[in-house]
Amino acid sequence: MAFLGSVEIGVRDSKNPDGPAHVFTPGAWDPFVAGVRDGEFDRP
């Protein structure tokens, strides 16, 4: 996770540093973190 200026937050897979990054606005970051915390993205 990295702050990209004052308006974006970047996330990438540390095992694949040359891979793509997901970039979130602050308004999208909180729902994403809540989804991770609540298991929304867990594999079945």
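What the sequence shown shows, in the numbering used here, is residues 14 to 57, in sequence order. Quick reminder that beta carbons are idealized off the backbone N, C-alpha and C, glycines included.
Check whether residue i and residue j have beta carbons under 8 Å apart
| i | j | result |
| --- | --- | --- |
| alanine 34 | valine 24 | yes |
| valine 36 | glutamate 53 | no |
| aspartate 26 | glycine 32 | yes |
Same chain only: Cβ atoms within 8 Å of residue i, ignoring 5 sequence neighbours per side
| i | result |
| --- | --- |
| methionine 14 | Ile22, Gly23, Val24 |
Neighbourhood of residue i by C-beta, 7 Å cutoff - its chain only, sequence neighbours within 5 removed
| i | result |
| --- | --- |
| proline 44 | none |
Simplified DSSP state of residue i, which is helix, strand or coil
| i | result |
| --- | --- |
| valine 20 | coil |
| arginine 50 | helix |
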